[in-house]
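In this note's numbering, each residue's number is its place in the sequence shown (first place is 1) plus 189.
Even for Gly, the Cβ is constructed at its ideal location relative to N, Cα and C.
Report on one structure; see the data block that follows.
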Amino acid sequence: MMNTRPSFEKKELALSSSPYVYLPVDLNTFTIEVSHRENIDSGLLQKALERTIRRMPYLTDTFTIEHGAVYYAKNPLPMEIAHHAGPRTFGGSINNYHMLDLTWDGNKTWFSMFHGFCDGQGITAFMESVLYHYYCMKDGIEYDAAGIRSDSTLESEAETFEPYSKQYPVSPDFTMPEQRAVSSYHLPEITPSASREVLEYGFRLPVDTFMRFVKENGASPSVMFSMLVGEAVLRVHPDADAPIHAYIPVSVRRMLGCEETFKNCSSRMVLPLSGTPLDALPFAQRAAQLRSILKQQMNPDLFRSIYNRLGMMYRKRMEEAVDYQAELKKPAGFISISHDTFYVDYIGSIHKTAYSDQLTDIRFLCIPPAGKTVHLNVIENNGQFCIACLSCSDISVLTDALEQVIRDHGLPVQRTAVQRFSLPLVTWREGIVTDGK
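What follows is the structure, given as structure tokens:
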């Protein structure tokens, strides 16, 4: 392959990127779409971006490959916004090889990332900082920056900490639970398709009403959203021949003591919604028990043990690699991980500020996980929970049932029009010599 890429100064090994940079395929972007009350001032948006990267210069990093190992690398080339009606392909020459991208059109902005570069918490920190600086300049007000990495604060080394770079202490009496294969019910509505178009079925629920319902039943938001979807699945498929499971992602920063890192630092938990003795319990008791099951999985020793094992594996792979193309031919388990029956990402809300009401809508856009299962993003914005059910297949029968389940529990719910979107690929390997020579 011809090397058309500039030479970038390598930094640390990209250990937390391993599940993504060693895939034989390119990944789609992960994007946050923000709708604003007013049209975007592109000049101010560029200045806001510049203030953000002065505060967090590591956000301008790129990747470089040496033999078979992948490194973060300093990228001195400019990072610039682009006028584009949606997220665009990036990672190559089009945006100076940056792993984050910011586009705008009319009253919308799109913040995009390569998932090998950072995770959802990392892209959110980027978005919040840009929006903070933008609205401070637009409104001529120095808004409260609590929780936001503004340029009134200093960069910390903890923000670039590599979660897989150390061994974590584990309690002497801790024993790793037996790992058993989980057989989950696969929704028959999810059919194989070569299409990259995603259907988005939206719901809106008042935050105060829903949280009161959650507390009355001794649950938590992620547990309750999972339970409601589980009920909908059983209404549509009462003869489901396997247990219904919700897969819930979780940031493990607090458990590892690296709360500030922007890099990938997450895992997932499994919530058994059917096929256990809990099925016979009344709704409120089942909700409380499921919350307890989720809390048990939040054992810090569990995740520290997992990160200790994976960290050794990732470092060994990169330190022993000699040819990147050869590495790509090895099994890539990441893209075959199943998330049946469905996946619930309770994102919560971005930090509230005095300008939050100027952000009229926030959508997290992504391709559903491997297996093309149903993916739920739950975001809190301006007093509403915005639920987006994402699928590459028609799941209207399931979302119709979910609406009825929510109403049957006495909760007010508003449906939004079905939306469709497609996400471009991240061409992060553009111009990199990958033949090991």
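What span of residues does the alpha helix (DSSP H) with residue i cover, start to end?
i    : result
Y496 : 489-509
Y323 : 309-328
I595 : 585-597
D397 : 396-405
E516 : 513-517
P208 : 207-210
What number of angstroms, rounded off, separates the C-alpha of residue i from the C-alpha of residue j?
i    : j    : result
E448 : A347 : 8 angstroms
F451 : D428 : 43 angstroms
M190 : R618 : Note that M190 scores a pLDDT of 39, beneath 50, so its modelled location is shaky and nothing firm can be said.
P352 : G620 : 28 angstroms
R194 : N285 : 10 angstroms
E239 : I437 : 35 angstroms
K626 : M507 : At K626, the pLDDT of 45 sits below 50, so the modelled position is not reliable; the number obtained from the coordinates is stated separately. If you take the alpha carbons of K626 and M507, they lie about 16 angstroms apart.
Y390 : E592 : 11 angstroms
N228 : K327 : 12 angstroms
F574 : G599 : 16 angstroms
M413 : C307 : 28 angstroms
L289 : S440 : 20 angstroms
N406 : S372 : 28 angstroms
P558 : T380 : 14 angstroms
P265 : T249 : 8 angstroms
P366 : C454 : 21 angstroms
V396 : Q235 : 33 angstroms
S580 : I312 : 22 angstroms
V615 : F279 : 5 angstroms
L470 : A408 : 14 angstroms
A606 : P246 : 39 angstroms
D362 : L491 : 12 angstroms
Q486 : M444 : 12 angstroms
I595 : S585 : 15 angstroms
T292 : F350 : 28 angstroms
L483 : H528 : 16 angstroms
R493 : C555 : 28 angstroms
I433 : I242 : 44 angstroms
D468 : Q603 : 29 angstroms
T251 : D294 : 26 angstroms
Y260 : I495 : 22 angstroms
K505 : Y357 : 17 angstroms
A431 : S354 : 39 angstroms
I330 : T542 : 12 angstroms
A577 : T364 : 38 angstroms
Output the boundary residues of the beta strand (DSSP E) element that contains residue i.
i    : result
E569 : 563-570
A577 : 573-580
E198 : 198-202
Y532 : 531-537
Q603 : 603-611
V223 : 219-225
I551 : 548-554
What is the C-beta distance between residue i and residue j, in whole angstroms, given that I count them as a contact (C-beta under 8 angstroms)?
i    : j    : result
S231 : I270 : 7 angstroms
Y532 : V563 : 7 angstroms
S538 : I568 : 7 angstroms
S318 : S339 : 6 angstroms
M400 : L479 : With a Cβ gap of about 17 angstroms, M400 and L479 do not count as contacting.
G134 : V214 : Limits of the chain in this structure are 190 at one end and 626 at the other, which puts residue 134 out of reach.
N566 : I536 : 6 angstroms
A262 : H540 : In fact, because the Cβ distance is near 30 angstroms, the residues do not count as touching under 8 angstroms.
Y503 : L233 : Wrong, their Cβ atoms sit about 40 angstroms apart, outside the cutoff.
Counting only beta-carbon separations shorter than 8 angstroms, does residue i have a partner in chain C?
i    : result
E317 : Going by chain labels, chain C is absent from the structure shown, which holds only one protein chain.
Under 8 angstroms, with one C-beta from each stretch per pair, do the segment 222-229 and the segment 537-552 reach the 3-pair mark? Yes, the segment 222-229 touches the segment 537-552.
State whether the segment 469-484 contacts the segment 508-522, with contact taken as three or more CB pairs (one from each stretch) at a distance under 8 angstroms. Touching, no, given that fewer than three Cβ pairs across the two stretches are closer than 8 angstroms.
Validate contact between the segment 459-471 and the segment 318-326 using beta carbons, cut 8 angstroms, 3 pairs: Contact annotation: the segment 459-471 does not touch the segment 318-326, with fewer than three C-beta pairs closer than 8 angstroms.
Ignoring anything shorter than 4 residues or poking outside the segment 228-272, list the alpha helix (DSSP H) runs there in chain order. Here the runs fully enclosed are 231-244.
Is the segment 418-437 touching the segment 372-390, taking contact as three or more C-beta pairs under 8 angstroms? Yes: the two stretches touch, three or more of their Cβ pairs being nearer than 8 angstroms.
Report yes or no: do three or more beta-carbon pairs, one from the segment 193-202 and one from the segment 247-259, lie closer than 8 angstroms? The count of Cβ pairs closer than 8 angstroms, one atom from the segment 193-202 and one from the segment 247-259, reaches three, so the stretches are in contact.
Alpha helix (DSSP H) segments (min. 4 residues) lying fully within the segment 408-491: Assignment of alpha helix (DSSP H) within the segment 408-491, counting only whole runs of 4 or more residues, yields 410-425, 442-445, 472-485 in chain order.
Could you check whether the segment 296-308 touches the segment 210-220, counting it as contact only if at least three pairs of C-beta atoms, one from each stretch, sit closer than 8 angstroms? Contact between the segment 296-308 and the segment 210-220 is present, because at least three Cβ pairs lie under 8 angstroms.
Cβ contact check for the segment 391-409 and the segment 539-547: 3 or more pairs under 8 angstroms: Verdict: no, contact absent.
What beta strand (DSSP E) runs, 3 residues minimum, are completely inside the segment 272-312? Within the segment 272-312, the complete beta strand (DSSP E) runs of at least 3 residues are 289-294, 297-302.
If you pair each beta-carbon of the segment 406-420 with each one of the segment 575-595, do three or more pairs fall below 8 angstroms? Three or more Cβ pairs closer than 8 angstroms define a contact, and the segment 406-420 meets that threshold against the segment 575-595.
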